[in-house]
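At position 296 of the sequence shown the residue is numbered 295 (numbering that gives the first Met the number 0), and the sequence of numbers has no breaks.
Accompanying notes for the structure given below.
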Amino acid sequence: MNVVVTGGAGFIGSHTVDALIARGDRVVVLDDFRTGKRANLAQHAGTDRLTIVECDVSHGIFAALAGLSIDRIVHLAAQVSVVSSVANPLVDMSVNYGGTLHVLEYAKAMGVKKVVFASSAAVYGDVPPALIPVHEDAPRAPLSPYGIDKYASELALDYYAAVHGVPTTWFRFFNVYGERQDPSSPYSGVISIFADRARRGAPLTIFGDGSQTRDFVYVGDVVRAVLAGLADGNSRVVANVGTGAEITVRGLAELIVSLCGGTSEIAHAAARSGEIAKSCAAVDRLRDAFGVVAQMPLADGLRRTLAI
Ligand code: NAD
Ligand code: UD1
């Protein structure tokens with residue numbers, strides 16, 4: 000396959016590129032490097048199967064991809080922080096919804112055979128406890144501009160498939176973690192922040208009382224879902240990508256501290272706005288439609304992330 004990976008220099012993107020190149024595909028990474036890094040792709044230096052194109056996905060992708068042969072797209076480029084989207088909703092809309100529309104217009108014009116999109120558990124908003132683990136057909140009630148733009152993107156993917164014949168599949172990733180997740184921003188993923196601090200013996204800060212839950216899924220399991228989505232079939236199909244198990248943020252902090260030898264203190268600060276109380280995926284559709292089951296136990300994935 001000839002695959003464009005938008006956001007391919009980022010955390011999930013660079014692992015996706017590794018897997019595509021390992022199975023023999025040709026890959027074009029389209030990234031503007033606002034959070035992604037060339038170092039995440041350094042292991043492919045010298046291969047003629049990777050092309051890197053520096054471009055903002057919400058401006059000028061036709062020109063950036065001109066002359067390249069593309070048959071499938073993995074669309075991962077996005078502003079990824081829920082908190083940033085609350086502070087800057089116009090940026091989120093332009094990159095996250097606008098970027099998806101640019102990708103879909105390109106796919107329509109070029110006759111692309113499959114677009115796979117990274118949506119999010121954030122589209123569900125606060126799910127009533129009776130509906131946990133949350134199934135794909137549960138009501139979509141996003142609590143943040145990020146969740147709204149991901150849901151709007153899903154509707155656009157469905158529309159381009161139904162009306163313009165562009166095959167599309169999208170996944171609602173739950174909380175993804177693993178090697179190369181960048182801890183440098185206060186809005187980075189919680190495991191990257193906790194791991195970075197616990198390794199140094201620095202204190203961990205929990206927002207709120209720590210009773211909120213998340214379903215943490217290892218990046219290698221997420222990549223297997225993305226590759227399954229790139230195959231023919233399953234157009235206009237959405238599936239959650241999670242483990243089906245939830246852990247409180249408090250439990251997560253204690254686990255990471257104990258894996259690191261137990262020296263970090265755990266502090267508390269005010270809860271974030273737009274915060275979801277409980278999050279856990281129903282995973283039967285991922286298994287039945289795509290043949291993928293998340294395999295990495297949390298403690299093992301954390302050891303890999305912590306490199307211990
Ligand atoms: P990341 O920040 O590491 O990767 C995002 C990549 O997109 C970066 O390389 C960045 O430079 C690039 N990018 C951002 N805006 C761009 C633009 N306008 N044009 C071109 N490139 C741009 O984040 P990630 O965790 O790897 O997230 C990848 C995707 O998965 C995103 O769509 C995110 O919303 C989605 N997702 C992530 C999680 C998670 O827990 N990490 C969960 C649900 C969904
Ligand atoms: C994350 C992803 C988002 C994705 C969503 C899917 C990131 C940055 N965000 O959002 O892209 O769509 O999962 O479920 O990858 N927390 C602390 N202390 C910290 C940092 C965070 O207590 O230092 C708490 C937060 O308040 C939250 C939980 O940890 O309750 C997870 O936070 P975070 O990793 O930012 O992710 P989500 O907001 O769940």
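In this text, a Cβ means the ideal position worked out from N, Cα and C, and glycines have one as well.
Bear in mind the structure is a predicted one, so any value in this text is a computation, not a measurement.
Contact check, residue i vs residue j under 8 Å by CB: the rounded distance?
i	j	result
I239	L285	The amino acid at residue 239 is misidentified as Ile; the sequence shows Asn. That belief holds up - the Cβ atoms of N239 and L285 are roughly 6 Å apart, short of 8 Å.
A281	P144	The Cβ separation is near 25 Å, so there is no contact.
V28	V4	5 Å
T34	G9	6 Å
V175	I11	6 Å
I275	D136	That belief does not hold up - the Cβ atoms of I275 and D136 are roughly 18 Å apart, past 8 Å.
R271	F193	Not confirmed; about 15 Å, so no contact.
Is residue i helix, strand or coil by DSSP?
i	result
H134	coil
H58	coil
T99	helix
A276	coil
T304	helix
K113	strand
L40	helix
L285	helix
F215	strand
E245	coil
R196	helix
D30	strand
F206	strand
I69	coil
Just the Cα atoms here: how many angstroms apart are residue i and residue j?
i	j	result
Y96	D148	5 Å
R213	F173	8 Å
E153	G260	43 Å
F116	V73	6 Å
S13	Q42	10 Å
D70	G164	14 Å
G23	G7	17 Å
Y190	A21	In the sequence as presented, Tyr is not what sits at residue 190; that position holds Ile. Distance between the alpha carbons of I190 and A21 is about 27 Å.
M109	T99	15 Å
L301	L251	10 Å
A266	P185	15 Å
V2	A106	12 Å
> Using 8 Å as the threshold, is the segment 86-98 in touch with the segment 141-159, meaning 3 or more CB pairs across them?
Replying inline: Segments in contact, yes.
>> If contact is defined by three or more beta carbon pairs under 8 Å, each pair taking one atom from either stretch, is the segment 216-230 in contact with the segment 163-171?
In response: Yes: at least three Cβ pairs fall under 8 Å.
> Do the segment 29-36 and the segment 189-201 meet, that is, are 3 or more Cβ pairs less than 8 Å apart?
Replying inline: The segment 29-36 vs the segment 189-201: no contact.
> For the 8 Å Cβ check, are there 3 or more pairs between the segment 177-184 and the segment 242-262?
Replying inline: No: the two stretches stay apart, fewer than three of their Cβ pairs being nearer than 8 Å.
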